[in-house]
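Engineer: Here you go, one structure.
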Ligand SMILES: [Zn+2]
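Residue numbers (our numbering): 5 to 385.
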């Protein structure tokens with residue numbers, strides 16, 4: 005892997021242990037979220053946004069700019085971190101939003117955006133990430149739209165537009181596509197706590213070329229040339245082929261497809277590709293996708309399910325058969341808010357169930373230990 009981006013060592017997530025992160029997840033009474041729109045602007049201003057809940061005294065927004073070297077991808081600081089906005093109401097607010105319209109930064113730049121919420125008691129919450137602005141100078145590489153970590157330490161998600169989506173947003177497909185990237189990242193992936201609360205482990209990018217998805221063979225083709233994918237795979241841990249018409253979505257290795265507008269497909273397939281989760285519904289064909297040997301969300305036989313129930317935190321009586329033909333069992337509940345990997349996938353409130361979450365947190369722990377994706381790729385074989 006070539007290293008394109010050098011990220012300061014002080015990033016919050018690097019220093020935290022898994023248990024620290026779990027505590028953060030469980031005991032968070034103050035929430036700070038930052039975002040920007042559009043996620044990649046070639047010529048125009050970018051709106052920086054932060055919102056915080058809790059007892060918030062004020063929010064401060066800062067930015068810093070870097071010039072990207074078109075040859076080796078290294079970055080040189082162009083301007084230091086500077087304060088661009090303070091949102092400071094007369095009385096502390098329980099829900100405070102703050103925005104700033106940052107003028108266009110020029111071609112070939114990276115912007116570091118820091119949102120900081122200062123609580124009534126003086127403590128602070130900070131979130132920082134980077135994104136590219138202007139024309140991206142490294143040909144064939146994925147364009148960073150929300151980077152938290154060095155790619156070697158992150159789950160690198162590259163969004164690839166399918167030609168049918170590009171046809172739908174004709175006559176300006178790429179500029180229109182850039183305007184809807186945040187629908188998928190902020191609107192869909194961050195709508196699910198298991199991704200949102202751990203967003204610091206993810207980097208998001210989009211590809212400079214389209215890629216085609218063949219739904220009947222679950223086959224993915226990227227770019228015009230077989231070599232095109234090389235520049236993407238240097239960085240990508242997973243590639244999301246985003247299309248607009250309704251299709252039979254699937255995951256093949258670490259590549260997956262989804263309607264760009266449908267959270268239930270996007271989050272389900274990300275569960276396969278990034279976490280290595282298995283389907284919890286009755287599958288006609290299991291093949292190589294039987295239960296995982298470690299931290300699985302499905303089980304080979306009832307006894308295996310019953311044995312793991314205490315670790316998952318559910319009563320053994322929740323064990324039910326998922327795929328009778330192969331004696332595969334599941335434990336995650338179904339229903340309106342049932343597990344998104346199973347029969348409840350398309351229900352309005354479906355989300356990852358406890359067995360899925362156990363594997364998700366285990367996966368994130370591996371990532372913090374320096375193995376972000378190789379294990380998933382191996383297990384998917
Ligand atoms: Zn599935």
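Heads up, the beta-carbon is just placed ideally off N, CA and C, and yes, glycines get one too. Just so it is clear, the structure is predicted and the values come from calculations on it, not from any experiment.
Less than 6 Å separating the Cβ of residue 283 from some heavy atom of ligand 1?
Structural biologist: A heavy atom of ligand 1 is found nearer than 6 Å to the CB of residue 283.
Engineer: Could you give the DSSP three-state label for residue 221: helix, strand or coil?
Structural biologist: coil
Engineer: Hey, quick one: how far does the alpha helix (DSSP H) through residue 85 stretch, first residue to last?
Structural biologist: Careful: residue 85 lies outside any alpha helix (DSSP H), inside the beta strand (DSSP E) at 79-91.
Engineer: Suppose only complete runs of 3+ residues qualify. What are the beta strand (DSSP E) ranges in the segment 234-306, listed by chain order?
Structural biologist: Listed in chain order, the beta strand (DSSP E) runs fully inside the segment 234-306 are 242-247, 259-263, counting runs of at least 3 residues.
Engineer: Return the Cβ separation of residue 207 and residue 152 in integer angstroms, given the expectation that the two are a contact with Cβ distance under 8 Å.
Structural biologist: Indeed they touch by this definition, with Cβ atoms about 6 Å apart.
Engineer: To the nearest angstrom, report how far apart residue 181 and residue 102 are at their CA atoms.
Structural biologist: 26 Å
Engineer: Nearest by alpha-carbon distance to residue 367: which of 199, 287, 305 is it?
Structural biologist: Ranked by Cα distance from residue 367, the first of 199, 287, 305 is 199.
Engineer: Does the separation of the CB atoms of residue 44 and residue 147 fall below 7 Å?
Structural biologist: yes
Engineer: Buried or exposed: where does residue 124 fall if 16 or more other Cβ atoms within 10 Å of its Cβ makes it buried?
Structural biologist: exposed
Engineer: Give the DSSP bridge partners of residue 40, in chain order.
Structural biologist: Assignment of beta-bridge partners to residue 40 by DSSP yields 52.
Engineer: Just tell me which of 40, 353, 58 has its CA closest to the CA of residue 136.
Structural biologist: 40
Engineer: To which residues does DSSP link residue 116 through a beta bridge?
Structural biologist: 68, 134
Engineer: Taking the Cβ atom as the reference point for each residue, do residue 52 and residue 65 lie within a distance shorter than 7 Å?
Structural biologist: Taking a C-beta distance under 7 Å as the contact criterion, residue 52 and residue 65 qualify as a contact pair.
Engineer: With a threshold of 7 Å between beta-carbons, can residue 134 be considered close to chain D, or not?
Structural biologist: Protein chains in the displayed structure number just one, and chain D is not present.
Engineer: One question on the structure: do residue 63 and residue 121 come within less than 7 Å of each other, judged by their Cβ atoms?
Structural biologist: yes
Engineer: For residue 209, which option in 237, 217, 222, 229 has the closest C-alpha, if you only look at C-alpha atoms?
Structural biologist: 237
Engineer: So, are the CB atoms of residue 290 and residue 242 less than 7 Å apart?
Structural biologist: For the pair residue 290 and residue 242, the CB atoms are not nearer than the 7 Å cut-off.
Engineer: Would you check if the distance between the CB atom of residue 211 and the CB atom of residue 164 is smaller than 7 Å?
Structural biologist: yes
Engineer: Which same chain residues, not among the five before or five after residue 172, have their C-beta less than 6 Å away from its C-beta?
Structural biologist: 248
Engineer: Should residue 23 be labelled buried (16 or more other beta-carbon atoms within 10 Å of its own) or exposed?
Structural biologist: At residue 23 the pLDDT is 39, less than 50, meaning the model places this residue with poor confidence and gives no usable figure here.
Engineer: Confirm, please, whether the CB-CB distance from residue 38 to residue 54 is below 7 Å.
Structural biologist: yes
Engineer: Pairing CB atoms from the segment 258-265 with CB atoms from the segment 215-229, are three or more of them under 8 Å?
Structural biologist: yes
Engineer: Are residue 85 and residue 68 closer than 7 Å when you measure CB to CB?
Structural biologist: yes
Engineer: Can you say whether residue 95 is buried or exposed, counting buried as having 16 or more other CB atoms within 10 angstroms of its CB?
Structural biologist: exposed
Engineer: How long is the line joining the alpha carbons of residue 304 and residue 100, rounded to whole angstroms?
Structural biologist: Each residue's alpha carbon lies about 49 Å from the other.
Engineer: Can you list, in chain order, the residues of its chain with a C-beta nearer than 6 Å to that of residue 16? Leave out the 5 residues immediately preceding and following it.
Structural biologist: Residue placement at residue 16 is flagged as unreliable, the pLDDT there being 37, under the threshold of 50; the coordinate-derived value follows with that caveat. So no residue of the chain qualifies.
Engineer: Assuming residue 380 and residue 280 make a contact with CB atoms under 8 Å, what is their CB distance in whole Å?
Structural biologist: 5 Å
Engineer: From the DSSP output, in three-state form, read off residue 216 for me.
Structural biologist: Secondary structure at residue 216: strand, using DSSP grouped into helix, strand and coil.
Engineer: From this set, 155, 175, 205, 150, which residue's C-alpha is nearest residue 185's C-alpha?
Structural biologist: The closest CA to that of residue 185, considering only 155, 175, 205, 150, is found on 150.
Engineer: Would the beta-carbon of residue 284 fall within 7 Å of that of residue 302?
Structural biologist: yes
Engineer: Count the other CB atoms, across all protein chains shown, that sit within 10 Å of the CB of residue 156; report buried if there are 16 or more and exposed otherwise.
Structural biologist: exposed
Engineer: Just list the alpha helix (DSSP H) runs in the segment 332-378, keeping only unbroken ones of 4 residues or longer that don't cross its boundaries, in chain order.
Structural biologist: 358-372
Engineer: Tell me whether residue 326 sits in a helix, a strand or coil according to DSSP, three-state version.
Structural biologist: The DSSP-derived three-state label of residue 326 is strand.
Engineer: Just grab the DSSP bridge partners of residue 62 for me.
Structural biologist: 122
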